[in-house]
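Undergrad:
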Amino acid sequence: MSDFLKLGVLISGNGSNLQSIIDHIEKGSLKAIIKIVISNNSDAYGITRAKKHGIPVVVLKSGVFKNKEEFDLELIRILESKDVDLVILAGFMRIITPTLLKAFPQKVMNIHPALLPSFPGIHGQKQALDYGVKLSGCTVHFVDEGVDTGPIILQSAVQVLNEDTEETLAARILKEEHKIYPQAIQLFAEGKIEINGRKVRIN
Ligand code: GAR
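Here this note's numbering is used: position 133 in the sequence shown is 186, and no number is missing along the way.
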């Protein structure tokens, strides 16, 4: 198993990106193993998805911790105890602290439902609709200390249609998320990602 990239996946909700990562691993198109799923929400459906596949789950409720730092120290403790190589934020609706980034330098990935640097933060899909762009999409990026500002690894675009609602646009974007997130992780697993400042080169 040692040539499999060891993942820690952080979720807060539905976990469809988690599911897509699980499916790609099971199909053999992603050479990785999910060592742990951590949720900050005990009602997240992603927990059920993980358990169905025999993946260990930990729920960390923010109320239990004094502050963000303490929460992230516990995250680090769990991720290190599982010997995780890469931390995957998959709909994890929490800003992580520099402490976590220091523990996993250039080893935290996120997926965002917009073509960054446009529409960072929450409700990326609604922001795109409200702005009136004709193309939106999703972005996989390394996490840095800003909000959705880290080096971009992969992006995929979708058309915004006249009749789109936030829900229909989000669903079309999500389909692309499910393709490019496993792809980006596989590129990392193959050592094909080179980071140079803001720029990511895929070799
Ligand atoms: C996804 O659309 C993801 O891009 C977004 O939350 C959704 C989670 O869906 N993340 C963010 O908005 C982060 N800023 P999922 O739980 O079904 O994977």
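Even glycine gets a Cβ: it sits at the ideal position worked out from N, Cα and C.
Please tell me whether, using a cut-off of 7 Å, the distance from the CB of proline 204 to the nearest non-hydrogen atom of the ligand GAR is below it.
TA: Proline 204: no, Cβ never under 7 Å from the ligand GAR.
Undergrad: With H, G and I counted as helix, E and B as strand and the rest as coil, what does DSSP make of isoleucine 129?
TA: In the structure shown, isoleucine 129 sits in a helix (DSSP, three-state: H, G or I).
Undergrad: Quick check on glycine 250: buried or exposed, where buried means 16 or more other Cβ atoms within 10 Å of its Cβ?
TA: Exposed, since its Cβ has fewer than 16 Cβ neighbours within 10 Å.
Undergrad: Specify the secondary structure class of leucine 139 as computed by DSSP and reduced to three states.
TA: In the structure shown, leucine 139 sits in a strand (DSSP, three-state: E or B).
Undergrad: For valine 111, which of helix, strand or coil comes out of DSSP?
TA: Reduced to three states, the DSSP call for valine 111 is strand.
Undergrad: Assign glycine 144 to one of three DSSP states: helix, strand, or coil.
TA: Correct three-state label for glycine 144: coil.
Undergrad: How about serine 95: is its Cβ closer than 7 Å to a heavy atom in the ligand GAR?
TA: No.
Undergrad: Ordered along the chain, which non-local residues of its own chain (more than five positions away) have a Cβ less than 8 Å from that of lysine 119?
TA: Answer for lysine 119: no residue qualifies.
Undergrad: Quick one: is the Cβ of asparagine 67 within less than 7 Å of any heavy atom of the ligand GAR?
TA: For the ligand GAR, at least one heavy atom lies less than 7 Å from the Cβ of asparagine 67.
Undergrad: Within the continuous beta strand (DSSP E) that includes glutamine 212, where are the two ends?
TA: 205-212 is the span of the beta strand (DSSP E), which, as asked, contains glutamine 212.
Undergrad: Checking 8 Å against the spacing of the C-beta atoms, do isoleucine 238 and alanine 103 come in under that value?
TA: No, these two residues do not count as a Cβ contact at 8 Å.
Undergrad: Which first and last residues belong to the beta strand (DSSP E) in which histidine 194 is found?
TA: Counting along the chain, the beta strand (DSSP E) containing histidine 194 begins and ends at 188-195.
Undergrad: Could you check if aspartate 201 is buried or exposed, using at least 16 other CB atoms within 10 Å of its CB as the buried criterion?
TA: The residue in question, aspartate 201, is buried, as its Cβ has 16 or more Cβ neighbours within 10 Å.
Undergrad: Would you please state the rounded distance, in angstroms, between the beta carbons of glutamine 178 and glutamate 219? I believe it to be under 8 Å.
TA: Right, their Cβ atoms sit about 5 Å apart.
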